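Visitor:
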Amino acid sequence: MTKENDVRKQVKLLKRFYMDSFTFAVVNVALIVVWLSIDRGVTFWPKYVIVIWGIALVFKAYRMGIIPLFLQNLSFLTPEWEEKKIKKLTGVHQEQRRVQLSRDKKK
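Under the numbering used here, the residues of the sequence shown are numbered 77 to 183, in order.
#1: Would you call the region 96–107 and the region 124–133 in contact, with 3 or more CB pairs under 8 Å?
#2: Give the DSSP-derived three-state secondary structure of Asp65 in the structure shown.
#3: Can you tell me whether Ile131 is buried or exposed, with buried defined as 16 or more other CB within 10 angstroms of its CB?
#4: Does Phe120 come out as helix, strand or coil in the three-state DSSP assignment?
#5: Just the Cα atoms here: how many angstroms apart are Thr78 and Lys85?
#6: Taking the alpha-carbon of Lys88 as reference, which of Ile142, Val109 and Lys160 has the nearest alpha-carbon?
#7: Based on Cα-Cα distance, which residue from Met140, Trp121, Lys164 and Glu156 lies nearest to Lys92?
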């Protein structure tokens, strides 16, 4: 039962983070639209909000333990991917060598 409660808690945290990310995106798009329509001639001031709020959002994700959930979806960061890619590239190079050798024999 505790495992299910832990999973439910993690899902609620993830949902909360997704809502915070959505709010981040909507508010910053609105600020950019305001800048484009009113203050186009001056410095791009929404960048300060984007950077500060973005750093706070990343920090919040780290504290909530959400970053590992994102990293596991990036398969190229895992050692298994590395080995798989090495085997794939090694196999491709071996096939290319065979083709080159067969062409050399025909000449």
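Just so it is clear, CB atoms sit at the ideal spot from N, CA and C, and this is done for glycine as well.
Just so you know, these numbers come straight off a predicted model, no measurement behind them.
Guide: Answer, in terms of the structure:
#1: The region 96–107 vs the region 124–133: in contact.
#2: The shown model of the chain, from 77 to 183, leaves out residue 65, and the question about it has no answer.
#3: exposed
#4: DSSP places Phe120 in coil when its eight states are reduced to three.
#5: When rounded, the distance between both Cα atoms is 10 Å.
#6: Ile142
#7: The question names Lys, but residue 92 is Arg in the sequence shown. Ranking Met140, Trp121, Lys164 and Glu156 by Cα distance to Arg92 puts Met140 first.
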